[in-house]
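If you count by the numbering used here, then the sequence shown holds residues 100 to 347, one letter each, in order. Ideal Cβ placement from N, Cα and C applies to all residues, glycine included. Reading through the structure tokens given below for one structure.
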Amino acid sequence: MPEGRSETPDDGPAVDEHVGRGLLDVDMGPSSAMAHLYRGEIHRMKLWRERLDRTTNWAVILMAAVLTWAFSQPSHPHYILLLGNAAVGLFLSIEARRYRAYDVWRSRVRYLQEHVWAPGLDPDSPLRDEDWRSELAEDYRNPTLKISFEEALAHRLRRVYLPLFAVQNGAWLLRVTAFSADPWPESAAVGMISGVAVTAIVVSLFAAAAVIAYRPRTWHTRGELLSEELRENRTGSGPTAGEDERRI
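The structure is reproduced here in structure tokens:
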């Protein structure tokens, strides 16, 4: 058995006796270096969180401007709402890329919380991953993206962009039915493209976005707010140790 490790009384996961030693000391030393490392990761995570919020704000402001202009005059064309949809989709792709970078810093913060601070506060708790030091060191040597672009799209669609698309498409449907002199589907036509084709494209794109957002998958992000159990009044011991991936 490696030095500094001991087995739990029930022969469960190993407990590292040295994890957390000195973390809460006031003297300068390794604990101070770990605290500064953790603070640095929190700071980088915060900066990328602000970048995500900034992109969302741009999308909301653009959507509000498009809706205001589209309904301000009956003569204004309805396809401006579809152009607004395309612009919001562009913001979604930018935000998904930023989310992948944000997840790098958030995953490190969660890793430190799970393997350093939690055992430091409760030294008798079992380790979730005995090789966490080497894995974290390798991540610092060679940083890698932890989630795919499709998973990042799903996160942002579920949290922000799918409701925005629903509002935008609902406004477009209202515009081509209740606020048009021509009956539907002729009122939905754009140039040489028939109204039926335009409507089919809009419905297909929204359905594709909903599939990406809600299809069953294994989440690889290490977000602490992903579990549905957080919204319940739990009386048990919580999730099983080592459950890093959430299935929905």
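Pairwise C-alpha distance: residue j and residue i
i: ALA308; j: LEU261; result: 7 Å
i: ALA299; j: TRP318; result: 31 Å
i: ARG333; j: ARG227; result: Note on ARG333: pLDDT 49, under 50, position unreliable in the model; no value is reported.
i: ALA265; j: MET144; result: 30 Å
i: ALA163; j: GLU250; result: 27 Å
i: ASP230; j: SER224; result: 16 Å
i: VAL198; j: GLU149; result: Note that residue 198 is Tyr in the sequence shown here, rather than Val. Cα to Cα, TYR198 sits roughly 11 Å from GLU149.
i: ARG209; j: ALA195; result: 20 Å
i: PRO218; j: LEU211; result: 10 Å
i: VAL295; j: GLY269; result: 16 Å
i: THR107; j: ASP221; result: Interpretation of THR107 is limited by its pLDDT of 47, a score under 50 that renders its predicted location unreliable; no figure is taken from the coordinates.
i: SER171; j: TYR239; result: 53 Å
i: THR167; j: LEU263; result: 15 Å
i: ASN184; j: GLU234; result: 41 Å
i: GLY128; j: ASP152; result: Bear in mind that a pLDDT of 43 at GLY128, under 50, signals an unreliable position, so the number given afterwards is only what the model happens to contain. Their Cα atoms are separated by approximately 37 Å.
i: ALA288; j: GLU213; result: 55 Å
i: PHE248; j: HIS254; result: 10 Å
i: ALA236; j: ARG314; result: 34 Å
i: VAL125; j: SER131; result: Because the pLDDT of VAL125 is 46, which lies under 50, any placement of that residue in the model is unreliable, and the number read from its coordinates should be weighed accordingly. Taking the straight line from one Cα to the other gives about 8 Å.
i: LEU189; j: ALA280; result: 31 Å
i: MET291; j: THR276; result: 19 Å
i: VAL310; j: HIS175; result: 32 Å
i: LEU182; j: ARG316; result: 31 Å
i: GLU285; j: LEU304; result: 20 Å
i: PHE278; j: VAL165; result: 16 Å
i: PRO173; j: SER293; result: 20 Å
Identity of the residues DSSP links to residue i by a beta bridge
i: VAL289; result: ILE292
Proximity winner among the options, relative to residue i (alpha-carbon distances)
i: HIS142; options: TYR201, GLN172, GLY219 and ASN268; result: TYR201
i: VAL301; options: TYR239, ASP223, HIS177 and GLN172; result: HIS177
i: VAL215; options: ILE193, LEU146, TYR137 and SER247; result: TYR137
i: ASN156; options: LEU191, SER174 and THR276; result: LEU191
i: LEU252; options: ILE193, ALA132 and LEU182; result: ILE193
i: TRP147; options: LEU182, ALA132, ARG205 and HIS175; result: ARG205
CB-CB length for residue i against residue j, believed under 8 Å
i: LEU180; j: TRP271; result: 4 Å
i: VAL159; j: GLN267; result: At roughly 11 Å, the Cβ-Cβ gap does not stay under 8 Å, so VAL159 and GLN267 are not in contact.
i: PRO242; j: VAL203; result: 6 Å
i: ARG274; j: ALA134; result: The pair is not a contact, with the Cβ atoms about 56 Å apart (cut-off 8 Å).
i: ARG207; j: GLU140; result: 5 Å
i: ARG257; j: ALA306; result: About 15 Å; that fails the 8 Å criterion.
i: LYS245; j: THR320; result: 7 Å
Length at least 3, wholly inside the stretch 172–208: the beta strand (DSSP E) runs in chain order: Counting only runs of 3 or more, we get nothing.
Ordered list of beta strand (DSSP E) runs contained in the stretch 228–276, each at least 3 residues: When DSSP assignments are scanned along the stretch 228–276, no uninterrupted stretch of beta strand (DSSP E) that is 3 or more residues long falls wholly within it.
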